[in-house]
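K.L.:
For reference, the structure I am asking about is given below.
Residue numbers (the UniProt record's numbering), protein chains in the order written: chain S, 1 to 328; chain D, 1 to 279.
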């Protein structure tokens with residue numbers, strides 16, 4: 001910009017200057033247009049994502065308690081203090097964070113694995129037409145379409161100790177458990193959370209895999225059938241390998257969504273989750289908003305973000321789709 | 001091609017079990033919403049002792065459900081419209097133009113997907129309060145602040161999906177329009193947008209569902225007058241009683257619009273995913 005502005009007066013006398021001037025508005029518009037089109041998105045992302053992130057990082061270096069919340073800029077600096085507290089795994093705060101981290105990893109891997117498995121199986125089984133397929137497909141999408149609080153609150157009702165369906169079926173009807181169990185407190189809460197998360201999440205995998213299946217050319221199956229390959233062999237040799245690029249994106253998205261999920265545990269357990277199901281986002285929420293330690297909460301968020309950046313980076317490095325996506 | 005018995009039987013068993021898994025909570029929701037209170041506070045029963053529509057009448061007076069409903073509708077509707085329009089512009093720029101910073105933009109937008117929502121909550125709260133103090137624009141506690149927040153939640157995914165979708169619309173079409181003297185915006189709205197309707201509908205459905213189902217920001221950033229359904233539904237459990245039949249009735253009522261809309265438009269969603277996210 002500055003260089004053209006400086007050159008302008010010199011060029012004014014040159015023969016091409018008039019033509020140049022006439023052409024300029026159009027050229028500027030063409031160069032400026034993409035930026036103009038991006039401007040709203042850019043401003044919003046800046047305001048709601050990037051600036052808060054920077055503030056969050058700054059906050060993680062401050063001693064931010066409720067005393068300073070009205071005027072957070074004046075909170076005293078604490079250097080790496082919040083980080084030291086967060087990663088001191090021998091002290092209560094760090095120990096609880098580490099525990100929560102492992103719970104979240106275990107939960108996320110199980111949930112993503114099951115969602116992918118069920119979603120893929122359902123999509124593959126429903127690839128060719130049979131009676132009732134359309135109805136079943138619509139039905140399978142219902143858990144995904146339901147608002148999370150409505151769906152999860154129904155599960156809360158089903159997991160109730162005295163008047164819930166789960167205990168009624170397991171204890172009264174099937175006599176599997178000696179006495180009715182508690183599902184929303186204690187160790188069982190991990191499984192309760194997992195079931196709800198899978199129930200709510202698998203239809204997304206189903207949807208994506210269904211979309212991916214439509215891109216596999218029919219000729220591949222016809223050729224395989226001519227060569228004498230059975231249905232199972234076709235699934236193993238054609239369907240699953242063809243889904244590879246789709247799966248690479250799907251698994252990453254499922255992983256990030258499940259790992260960061262706040263809504264499901266929050267509706268299921270409330271503001272503080274039982275230890276066995278203490279997912280990291282609720283844990284940080286509790287550290288910040290229940291015990292009023294915003295500085296430590298921010299440090300934990302930043303650590304979480306770093307972890308996710310590393311995991312995503314490594315994942316993208318090892319998948320071809322990631323390389324393509326990065327070159328957009 | 002006739003499928004072998006092992007395949008049809010596996011399919012039957014798997015799909016039956018899965019249908020059961022999916023349907024049980026839906027059945028609980030529907031049946032419990034029609035039960036008298038004694039039926040839902042006592043031991044669970046598969047069949048109600050007597051059918052009643054009482055919960056459907058009481059839900060509107062136990063909590064101001066209608067108000068929450070309107071709030072949710074305004075917030076989710078506005079967030080959807082803004083998000084789609086902004087995403088269309090941004091995706092068009094990325095899909096059709098070469099410019100400096102394009103890669104930085106797409107990577108940045110995409111990577112906001114991985115940020116934990118909890119990271120933004122407090123800073124955003126502080127920004128909204130500060131903007132309010134400095135300019136008098138009330139963002140905190142207002143519907144506007146929530147709309148602003150929600151529209152950026154769906155924006156990255158929407159932009160990403162629409163880039164893929166716009167890429168699949170042949171360039172020759174809008175280039176021909178440009179040659180014929182159309183401006184770039186006219187080419188976008190006359191040629192590219194109509195050709196990408198399935199993708200745009202898909203993105204709109206996604207944006208609406210995101211906003212309609214969000215809990216965390218809704219519970220921190222709303223007050224009595226701007227409360228949305230996500231927070232409002234908590235009002236049915238008091239210290240003494242939990243009106244499970246009313247909770248189920250209210251859950252059903254708030255779910256019907258999104259589920260119906262989603263099922264009507266799911267074809268577009270699959271089509272949009274095929275061309276956009278999954279390529």
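Each residue gets a CB set at the ideal place from its N, CA and C atoms; glycine is no exception. Quick caveat: nothing in here was measured; it's all calculated off a predicted structure.
If the cut is a Cβ gap below 8 Å, which residues of chain D does residue 263 of chain S touch?
P.N.:
Correct list: 213, 214, 215 and 216.
K.L.:
Spatial neighbours of residue 224 of chain S within its chain, please: C-beta separation below 8 Å, excluding the five flanking residues on both sides.
P.N.:
233, 234, 237 and 238
K.L.:
Round the Cβ separation of residue 258 of chain S and residue 197 of chain S to the nearest angstrom and send it over; I've been treating them as touching at under 8 Å.
P.N.:
Contact between residue 258 of chain S and residue 197 of chain S holds, since their C-beta atoms are separated by about 7 Å, short of 8 Å.
K.L.:
Under a three-way DSSP split, which group does residue 237 of chain D fall into?
P.N.:
DSSP places residue 237 of chain D in strand when its eight states are reduced to three.
K.L.:
So, are the CB atoms of residue 220 of chain D and residue 125 of chain D less than 9 Å apart?
P.N.:
yes
K.L.:
Is it buried or exposed, residue 245 of chain D, if we count other Cβ atoms within 10 angstroms and call 16 or more buried?
P.N.:
buried
K.L.:
Ordered along the chain, which non-local residues of its own chain (more than five positions away) have a Cβ less than 8 Å from that of residue 78 of chain S?
P.N.:
61, 62, 63 and 295
K.L.:
Where does residue 261 of chain S land, buried or exposed, given buried means 16+ other C-beta within 10 angstroms?
P.N.:
buried
K.L.:
If we define contact as Cβ-Cβ less than 9 Å, is residue 191 of chain S a contact residue for chain D?
P.N.:
Output row for residue 191 of chain S: interface = no.
K.L.:
Counting only Cβ pairs nearer than 7 Å, list the residues of chain S close to residue 93 of chain D.
P.N.:
34, 37 and 38
K.L.:
Provide the residue(s) that pair with residue 62 of chain S in DSSP beta bridges, ordered along the chain.
P.N.:
S/77
K.L.:
List in chain order: all unbroken alpha helix (DSSP H) runs of 4+ residues lying wholly within the segment 274-313 of chain S.
P.N.:
280-285
K.L.:
Identify whether residue 108 of chain S lies in helix, strand or coil by the three-state DSSP scheme.
P.N.:
helix
K.L.:
What are the residues in the segment 267-290 of chain S lying within 7 Å of chain D by C-beta distance?
P.N.:
267, 281, 284, 285 and 288
K.L.:
What would DSSP say about residue 215 of chain D, mapped onto helix, strand or coil?
P.N.:
coil
K.L.:
Name, please, each residue of chain D whose Cβ falls closer than 8 Å to the Cβ of residue 105 of chain S.
P.N.:
By Cβ distance, chain D contributes nothing, its closest Cβ being about 14 Å from residue 105 of chain S, past 8 Å.
K.L.:
So is residue 188 of chain S in contact with chain D if we call contact Cβ pairs under 9 Å?
P.N.:
No, no contact with chain D.
K.L.:
Residue 143 of chain S versus chain D: which residues are under 7 Å apart at the beta carbon?
P.N.:
Those within 7 Å of residue 143 of chain S in chain D are 22.
K.L.:
If we ignore side chains and look at the alpha-carbon of each, how far apart do residue 254 of chain D and residue 71 of chain S end up?
P.N.:
Residue 254 of chain D and residue 71 of chain S have their C-alpha atoms some 39 Å from each other.
K.L.:
What is the DSSP secondary structure of residue 164 of chain S, reduced to helix, strand or coil?
P.N.:
coil
K.L.:
Strictly under 9 Å for the Cβ-Cβ distance: is residue 122 of chain D near chain S by that measure?
P.N.:
Answer yes: the Cβ-Cβ gap between residue 122 of chain D and chain S drops below 9 Å somewhere.
K.L.:
Establish whether the CB of residue 259 of chain D and some CB of chain S are separated by less than 9 Å.
P.N.:
yes
K.L.:
Give the residues of chain D in contact with residue 113 of chain S, contact being defined as C-beta atoms less than 8 Å apart.
P.N.:
The contacting residues do not exist; residue 113 of chain S stays about 16 Å from chain D at best.
K.L.:
Here's the rule: buried if 16 or more other CB atoms are within 10 angstroms of the residue's CB, otherwise exposed. What is residue 57 of chain D?
P.N.:
exposed
K.L.:
Report buried or exposed for residue 72 of chain D, applying the criterion of at least 16 other Cβ atoms within 10 angstroms of its Cβ.
P.N.:
buried
K.L.:
I believe residue 83 of chain D touches residue 55 of chain D by the beta-carbon criterion, under 8 Å. Please report the beta-carbon distance rounded to the nearest angstrom.
P.N.:
The C-beta distance from residue 83 of chain D to residue 55 of chain D rounds to 34 Å, too long to meet the 8 Å contact threshold.
K.L.:
Is it buried or exposed, residue 119 of chain S, if we count other Cβ atoms within 10 angstroms and call 16 or more buried?
P.N.:
buried
K.L.:
Measure the Cβ-Cβ separation of residue 203 of chain S and residue 143 of chain S and say whether it is below 9 Å.
P.N.:
In contact: residue 203 of chain S and residue 143 of chain S (Cβ atoms closer than 9 Å).
K.L.:
If distances are taken between C-alpha atoms only, which option among S/110, S/312, S/304 and S/41 comes closest to residue 201 of chain S?
P.N.:
S/110
K.L.:
Taking DSSP's pairing of strands, which residues face residue 222 of chain D in a bridge?
P.N.:
D/141
K.L.:
Return the residues of the segment 208-223 of chain S that lie within a Cβ-Cβ distance of less than 7 Å from chain D, sorted by chain order.
P.N.:
208, 210, 211, 212, 214 and 215
K.L.:
My guess is that residue 90 of chain D and residue 159 of chain D are in contact by the Cβ rule of under 8 Å, so how many angstroms apart are they, rounded?
P.N.:
5 Å
K.L.:
Mind pulling the alpha helix (DSSP H) runs of 4 or more residues that sit fully within the segment 116-167 of chain S?
P.N.:
133-145 and 148-158
K.L.:
Listing by chain order, which chain S residues have their CB less than 9 Å from the CB of residue 265 of chain D?
P.N.:
In chain order: nothing, as chain S lies at least about 10 Å away.
K.L.:
Could you tell me whether the Cβ atoms of residue 68 of chain D and residue 261 of chain D are closer together than 9 Å?
P.N.:
Between residue 68 of chain D and residue 261 of chain D, the C-beta spacing is not below 9 Å.
K.L.:
Determine the DSSP secondary structure at residue 14 of chain D, reduced to helix, strand or coil.
P.N.:
helix
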